[in-house]
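Residue numbers (the numbering used here): 143 to 1145. Everything below concerns the one structure shown next.
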Amino acid sequence: MACRPEPKKEGEGGMIIWGIFWGAVLGSWFGGYGDFGPFVGGILGFFAGLSLRWAIRSAIRTELQAHATKATAQPTRAPQAAAVAEDQPVAAAPVPQRPVPHAPPPPPTTSDDPRDADDAFWAGELTPQGLPRVPSSAPVANRTDAPAAPRKTTAQPAQPNPLEMAVLAAKSWLLGGNTIVRVGLVILFIGLSFLARYAASAGLLPVEFRLAAVAAVGIALLGVGFRKRTDKPGFALALQGGGVAVMYLTVFAAFRLYGLLPPLWAFGLMIAVCAASCALALLQDSRALAVAAFAGGFAAPILLSTGQGSHVGLFSYYTLLNLAILFIAHKRSWRVLNVVGFVATFGVATAWGALKYVPDHYASTQPFLAGFVLIYLATAILYARNTPTKLGKTVDSMLVFGTPLVGFGLQAGLVQPFELGAAFSALAFAAVYLLTATMLARRAQASWRLLTECFIAIGVGFATLAVPLALDAQWTSAVWALEGAGAFWVGMRQARWMPRAFGLVLQVVAMLAFMGGVDSGGLQVSPLPLANPAFLGAMLIALPALLLAWWLRQPLPHSGSAWAQGYARVEVLLPNPAYLYGFVFWCLAWWLEITRSVPATEANQWPVPVFSDRVAELLGMLAVVLSAALSMLLGLRTHWAVATWPARATIGVLALGWVAQVVDGHRVLTTPAWAVWPIVLALHGWMLWQTDRLQAADAGGPSAQSAPRFGWFHAATAWLVTLLLADCLWSGIGKAELWRTSWAGVVLLVSAIAVLMLLALWAGRGNQPAARAALPWPLNPHAEAYYWLAALPLAVLVFGGALLAAVHSSGHTAPLPYIPLLNPTDLTLALALGSLVFWRRVLLAALPPPARSGGVTGRHALVALALLAFIVINTVWLRVAHHFFGVRWDASALFNSFVVQTGYAILWTLLALSMMVLAHRRAQRPLWLVGAGLLGVVVVKLLVIDLSNAGGAERIIAFIAVGVLMLVVGYFAPLPPKSPPKAAAPAEPAAPPLAPSQPEALP
143 MACRPEPKKE GEGGMIIWGI FWGAVLGSWF GGYGDFGPFV GGILGFFAGL SLRWAIRSAI
203 RTELQAHATK ATAQPTRAPQ AAAVAEDQPV AAAPVPQRPV PHAPPPPPTT SDDPRDADDA
263 FWAGELTPQG LPRVPSSAPV ANRTDAPAAP RKTTAQPAQP NPLEMAVLAA KSWLLGGNTI
323 VRVGLVILFI GLSFLARYAA SAGLLPVEFR LAAVAAVGIA LLGVGFRKRT DKPGFALALQ
383 GGGVAVMYLT VFAAFRLYGL LPPLWAFGLM IAVCAASCAL ALLQDSRALA VAAFAGGFAA
443 PILLSTGQGS HVGLFSYYTL LNLAILFIAH KRSWRVLNVV GFVATFGVAT AWGALKYVPD
503 HYASTQPFLA GFVLIYLATA ILYARNTPTK LGKTVDSMLV FGTPLVGFGL QAGLVQPFEL
563 GAAFSALAFA AVYLLTATML ARRAQASWRL LTECFIAIGV GFATLAVPLA LDAQWTSAVW
623 ALEGAGAFWV GMRQARWMPR AFGLVLQVVA MLAFMGGVDS GGLQVSPLPL ANPAFLGAML
683 IALPALLLAW WLRQPLPHSG SAWAQGYARV EVLLPNPAYL YGFVFWCLAW WLEITRSVPA
743 TEANQWPVPV FSDRVAELLG MLAVVLSAAL SMLLGLRTHW AVATWPARAT IGVLALGWVA
803 QVVDGHRVLT TPAWAVWPIV LALHGWMLWQ TDRLQAADAG GPSAQSAPRF GWFHAATAWL
863 VTLLLADCLW SGIGKAELWR TSWAGVVLLV SAIAVLMLLA LWAGRGNQPA ARAALPWPLN
923 PHAEAYYWLA ALPLAVLVFG GALLAAVHSS GHTAPLPYIP LLNPTDLTLA LALGSLVFWR
983 RVLLAALPPP ARSGGVTGRH ALVALALLAF IVINTVWLRV AHHFFGVRWD ASALFNSFVV
1043 QTGYAILWTL LALSMMVLAH RRAQRPLWLV GAGLLGVVVV KLLVIDLSNA GGAERIIAFI
1103 AVGVLMLVVG YFAPLPPKSP PKAAAPAEPA APPLAPSQPE ALP
């Protein structure tokens, strides 16, 4: 290869000259400056080229400095570590003990000119490690084990402002390299413009002669530059670039400004200029001259367009230009030329498609678009082949990613009128890129790995895109979920984190797509059981998610990079959520199948549900509980802890099933509920047993510490049993048609009393540690959960229910007659008081007492029970008055009845008598004072209420009865003496006196 005295300046003249050319062309079109239009445009183009060149060189310089600083600051092992790809497992490489000999030079297709490195920076290339490509001519230092000496860092100077940038760019262009040649070219170009304008205005020479003279000058520049290509390459290339610009400008002026050439001739001349320039560029290895030639070639149809041409001719011409670029890419790694062709081709194609395309043009445009995509796909591969680095083949990001994106966008516009056209186009793109990746992978060369992975990613992306373009939401989500699982499996096998992350993201996207496609009401219409989109879609989301959870049980290997380690910290948190996510979709699949509808047999009718609402609710509950049981079996067989977790949620499912059943007006004893509920309850109990067994195995035996953790599930089961028992009793009430009687009002209270008594009798046996240890499961270790956690809400329900029943129940017992104390209301209230007292005694005997049970075992609870008993006894008399004395069951009527008031006076006196006698016998002075207080209330009531019943027999009876009873109290129950001091208290409590003393009997 011939040496060049000024290798770094070879590409600068072409950029500046091309800016002057386009500026002059635009200036000639814009008529605001008259004859000075081309001159003004050329000046603006000159500064535009300068600024663009300066910006590009600044970016290159900054990247080179940053790369050099990083390479110098790193220890000698850094290049070896950097050579490891992101997704490969980290492995230690042996360190050479002596300098490593230089590698052989790259193939002749890779230029030694540092200008080849500039392309990588200004257009944003990718190397296998994301680093800028190092110029091939840069020396490679011998690596040793000695660390590099620290390098002093200096502050970076401030970036210049735009005005300073323009001044610096102009100065650099004029003073760098051959300044005289560049200034001379500018002056010559301006002079030729002035000469042409002057000759035209003065009419000195015919326009043909003037244009021929300008063309002759351009040819002369080309000839002189070509002759000096060996002696002075920089000077020669500058002259040739100026000649090319003059030739393009001359042909354009002859056609557009003066109309001397027909379109076909002008087009042919521009092709000839482009071909000659391209040949000169290849002959002299000049990238800038090639760029100028092809830029003019691509601009020729636009500059010479009359608006009447054929798109077939236009795209045929562009195909020839792109094939020429492909040929040059086979020989040279001129990235800027590839970019010019890519931008011009797809830019013009996009503009034509937006302005001119109609569906009738499809057959004549589809081959050209496919050809353009394949040409630039091959160009990207050739550029990577011709641009090796120490870390692998360089990837041109614009060609690799821009070609499929822009190409598919145009393809989607072409096939828009066709059904599934976009889907098949996406599949075609996926097939092309995956096939290309397969061909590259067969080379088995590590240097092609980054490009291969890019093509794989593009192919997978188009395959993913084809799914929603062809299928509905359910099938789309299913395919995406399977694809995500496949990507995760590939990443797991290859110890690469990015495919695994892509697989997880695809699972989430599949879920969103599926949920967006499910009808708002959950109605799925399909005549096929199980083989319908809703069921299969949900199931094909659930199964990959469960598979991902299985793979994630153990930490998966990765490359060890910073990104991989960050992802690994997130991945270790995903196994349990992934399994629960899959289990939810498993259950959702069965629910969608249960709620499926079949199409109507006649037109204009609604679809017919396969199951009624009642049956669907029961089957859905059964499906979830059975799924949880299967999950429990899986967890037991595989020792997979998270698989046992769904069993803990079955109590909530059963509760929701019961609520839905009650809301719809159905009962447990109706068909088919009576067959489903025993099954689900048995499965629930089995899962509770297995859960406790696993917990005991982990703790080495039944543990008191683990009992509160799972005791709530046992307590909730007792509450559910209470509701189910009440539901069964309501079924009997409904069959006997007793809804408007007191029988129906006490059903829930009776159920709560029964379960509370059962818990107190059954679980109360384990209220002490020694007794509990001898009991079987579930009392050991959950006895406290039953007699305290489960019983406490039931006790509150019994207390509140008894209070409400006592106050509101009238005791209507139809069809049976009302019998005091033997009617459903009075009997239920008596059982309520008895169950509360018995449960409290179980808590008092518990050792140790349950946490926070002092409010139940203390004196306040005893006072509350006494008040409840007092209210219950009073309401018994109200019901007697209502049924036997005809008092209306109304608060106002009952209060205003003298019969009720007389009965209250006698009843309260009897209660006071009972308390005072009992207190006297037990020497309980406080109880006697309570009874005395109640007597005082009776006396006040007689004077305030009963005395107002003038002439009534009730008043007479009340006063006589109360007086007699008070005499009896005074005789049999005088005030007990105060308790003696504790020190003088006898060891055994003295028996109460049989008869009071004379002073106490006669106060």
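C-beta atoms are modelled at their ideal positions from N, C-alpha and C, and glycine is treated no differently. Keep in mind that this is a model prediction, so the values were computed, not measured.
Does the beta-carbon distance from residue 940 to residue 894 come in below 8 Å?
Reading the sequence shown from its first residue, position 798 is the one you call residue 940. Reading the sequence shown from its first residue, position 752 is the one you call residue 894. Contact flag set, yes.
Could you tell me the distance, in whole angstroms, from the CA atom of residue 559 to the CA atom of residue 670?
Walking along the sequence shown from the start, residue 559 turns up at place 417. Walking along the sequence shown from the start, residue 670 turns up at place 528. Rounded to whole angstroms, residue 559 to residue 670 spans 32 Å at the Cα level.
By Cβ distance below 7 Å, which residues in the same chain neighbour residue 579 in space, the five residues on each side in sequence not counted?
Counting from 1 along the sequence shown, the entry for residue 579 is found at position 437. Here the set comprises 594, 597, 598, 601.
Does residue 967 pass the burial test, meaning 16 or more other C-beta atoms within 10 Å, or should it be called exposed?
One-based indexing of the sequence shown puts residue 967 at position 825. Buried, since its Cβ has 16 or more Cβ neighbours within 10 Å.
Mind checking residue 1038: buried by the 16 CB within 10 Å criterion, or exposed?
By 1-based counting over the sequence shown, the position of residue 1038 is 896. Flag for residue 1038 reads exposed.
Between which residues of its own chain and residue 368 is the CB-CB distance below 6 Å, once the five residues before and five after are set aside?
Along the sequence shown, one-based indexing puts residue 368 at 226. Hits under 6 Å: none found.
Using a 10 Å radius around the Cβ and a threshold of 16 neighbouring Cβ atoms, would you call residue 1012 buried or exposed?
Along the sequence shown, read from residue 1 onward, the residue named residue 1012 stands at position 870. That one is exposed.
Given 8 Å as the limit, is there contact between the region 1022-1040 and the region 987-995, that is, 3 or more CB pairs closer than that?
The answer is no - the region 987-995 does not touch the region 1022-1040, with fewer than three Cβ pairs under 8 Å.
What residue range is occupied by the uninterrupted beta strand (DSSP E) comprising residue 738?
On the sequence shown, position 596 is the one that residue 738 refers to. Note, residue 738: beta strand (DSSP E), 738-740.
Can you tell me whether DSSP reads residue 814 as helix, strand or coil?
As a position in the sequence shown, residue 814 is number 672, starting the count at 1. Residue state, collapsed to three classes: coil.
Using 8 Å as the cut-off, can you tell me whether the region 494-501 makes contact with the region 466-480, which would need three or more C-beta pairs spanning the two stretches below that distance?
Flag = no, the region 494-501 and the region 466-480 do not touch.
Should residue 769 go down as buried or exposed, given a rule of 16 or more other Cβ atoms within 10 Å for buried?
Residue numbering aside, residue 769 sits at position 627 when the sequence shown is read from its first letter. Flag for residue 769 reads buried.
Would you mind sorting residue 879 into buried or exposed? The rule is 16 or more other CB atoms within 10 Å of its CB.
Here residue 879 corresponds to residue number 737 of the sequence shown, with the count starting at 1. Exposed: under 16 other Cβ atoms inside 10 Å.
Using a Cβ-Cβ cut-off of 6 Å (strictly less than) and excluding sequence neighbours within five positions of residue 965, which residues of its own chain qualify?
Taking the first residue of the sequence shown as 1, we reach residue 965 at position 823. Closer than 6 Å at the Cβ level, and outside the excluded window around residue 965, lie 953, 955.
Which first and last residues belong to the alpha helix (DSSP H) in which residue 985 is found?
Position 843 of the sequence shown, counted from the start, is the residue given in the question as residue 985. Run containing residue 985: 966-987, per the alpha helix (DSSP H) assignment.
Report yes if the CB atom of residue 489 is closer than 8 Å to the CB atom of residue 515, and no otherwise.
Working through the sequence shown from its first residue, we reach residue 489 at position 347. Working through the sequence shown from its first residue, we reach residue 515 at position 373. Contact flag unset, no.
Let me know if residue 919 comes out buried or exposed under the rule of 16 or more other beta-carbons within 10 Å of its beta-carbon.
Counting from 1 along the sequence shown, the entry for residue 919 is found at position 777. Under this definition residue 919 is an exposed residue.
In three-state DSSP terms, what is residue 255?
Start at 1 with the first residue of the sequence shown, and residue 255 comes out as number 113. Because residue 255 sits at a pLDDT of 43, beneath the cut-off of 50, its placement in the model cannot be relied upon, and the following sentence gives the value as read from the coordinates. It is coil, neither helix nor strand.
Compute the Euclidean distance between the alpha carbons of residue 618 and residue 800, then round it to the nearest angstrom.
Within the sequence shown, the letter at position 476 stands for residue 618. Within the sequence shown, the letter at position 658 stands for residue 800. Cα to Cα, the separation comes out at about 36 Å.
With residue 1198 and residue 785 assumed to form a contact (beta carbons below 8 Å), what rounded beta-carbon distance in angstroms separates them?
Only positions 143 to 1145 of the chain appear in this structure, which leaves residue 1198 out of reach.
So the alpha helix (DSSP H) residue 952 belongs to, where does it begin and stop?
One-based indexing of the sequence shown puts residue 952 at position 810. Premise fails: residue 952 is in no alpha helix (DSSP H) and is neither H nor E.
Using the beta-carbon count (16 or more within 10 Å), is residue 877 buried or exposed?
Position 735 of the sequence shown holds residue 877. Exposed, because fewer than 16 other Cβ atoms sit within 10 Å of the Cβ of residue 877.
In three-state terms, what does DSSP make of residue 610?
In the sequence shown, the residue the question calls residue 610 occupies position 468. In the structure shown, residue 610 sits in a helix (DSSP, three-state: H, G or I).
Just to confirm the assignment, what range does the alpha helix (DSSP H) spanning residue 642 have?
As a working note, residue 642 is residue 500 in the sequence shown. Element bounds for residue 642: 639-659.
Taking the CB atoms as reference points, tell me whether residue 432 and residue 420 lie closer together than 8 Å.
Residue mapping note: residue 432 aligns to position 290 of the sequence shown, counting from 1. Residue mapping note: residue 420 aligns to position 278 of the sequence shown, counting from 1. Yes; because the gap between Cβ atoms is below 8 Å, this pair is in contact.
How about residue 520 and residue 468: do their beta carbons lie closer than 8 Å?
As a position in the sequence shown, residue 520 is number 378, starting the count at 1. As a position in the sequence shown, residue 468 is number 326, starting the count at 1. Cβ distance < 8 Å, so residue 520 and residue 468 count as in contact.
Cβ atoms of residue 1041 and residue 1027: under 8 Å apart, would you say?
Looking up residue 1027 in the sequence shown gives position 885. Looking up residue 1041 in the sequence shown gives position 899. Yes.
Take residue 355 and list the residues in its own chain whose beta-carbon comes closer than 6 Å to its own, dropping the five residues that flank it on each side.
As a position in the sequence shown, residue 355 is number 213, starting the count at 1. So the list is empty, once near-sequence residues are dropped.
What is the rounded straight-line gap between the Cα of residue 764 and the Cα of residue 732?
Here the question's residue 764 lines up with position 622 in the sequence shown. Here the question's residue 732 lines up with position 590 in the sequence shown. Near 10 Å, if we compare the C-alpha coordinates of residue 732 and residue 764.
Over the uninterrupted alpha helix (DSSP H) stretch that includes residue 622, give me the two end residues.
Within the sequence shown, residue 622 is the residue found at index 480, counting from 1. Where residue 622 is concerned, the enclosing alpha helix (DSSP H) stretches over 615-635.
From residue 506 to residue 556, what distance separates their C-alpha atoms?
For the purposes of this step, residue 506 is taken as the residue at position 364 of the sequence shown. For the purposes of this step, residue 556 is taken as the residue at position 414 of the sequence shown. Answer to the nearest angstrom: the Cα atoms are 11 Å apart.
Where DSSP assigns a beta bridge to residue 667, which residues make up the other side?
Here residue 667 is taken as the residue at index 525 of the sequence shown, counted from 1. Answer is 739.
Determine the contact status of residue 837 and residue 774, defining contact as a CB-CB distance below 8 Å.
Reading the sequence shown from its first residue, position 695 is the one you call residue 837. Reading the sequence shown from its first residue, position 632 is the one you call residue 774. Cβ atoms of residue 837 and residue 774: not closer than 8 Å.
Do you know how far the Cα of residue 385 is from the Cα of residue 359?
As a first step, residue 359 is located in the sequence shown; it is residue number 217 there, counting from the start. As a first step, residue 385 is located in the sequence shown; it is residue number 243 there, counting from the start. Their backbone Cα atoms lie some 8 Å apart in a straight line.
Kindly give me the distance between the Cβ atoms of residue 925 and residue 1017, rounded to whole angstroms, as I take these residues to be in contact under 8 Å.
Looking up residue 925 in the sequence shown gives position 783. Looking up residue 1017 in the sequence shown gives position 875. Not really, about 36 Å apart at Cβ, beyond 8 Å.
Anyone know if the C-beta pair for residue 909 and residue 1003 falls short of 8 Å?
As a working mapping, residue 909 is identified with position 767 in the sequence shown. As a working mapping, residue 1003 is identified with position 861 in the sequence shown. No. Outside cutoff.
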